[in-house]
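Student: In my numbering, the protein residues as written are 4 to 49. Even glycine gets a Cβ: it sits at the ideal position worked out from N, Cα and C.
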Amino acid sequence: MRCRSTTQSTETLPTMAAYFQKRVAQSENKLEVLALTYMIELFNWS
Numbered sequence: 004m005r006c007r008s009t010t011q012s013t014e015t016l017p018t019m020a021a022y023f024q025k026r027v028a029q030s031e032n033k034l035e036v037l038a039l040t041y042m043i044e045l046f047n048w049s
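As structure tokens, then:
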């Protein structure tokens, strides 16, 4: 397993957070909303 560089992961986080928040706003699937909300909280992207 390779480690990602700090720069790469730092640049990726805001993009993933925006994607998750967009999916939560658009999704009608309650399980998907719960999973995405959990991921946002897990990574402190709120």
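(1) Buried or exposed: where does Leu-34 fall if 16 or more other Cβ atoms within 10 Å of its Cβ makes it buried?
(2) With DSSP run on the structure shown, which of helix, strand or coil describes Phe-23?
(3) Using 8 Å for Cβ pairs, my map puts Leu-39 next to Phe-23. What's the rounded Cβ distance?
(4) Inspect the beta-carbon positions of Ile-43 and Ala-21 and report whether they are closer than 8 Å.
Tutor: Quick answer:
(1) exposed
(2) helix
(3) 5 Å
(4) no
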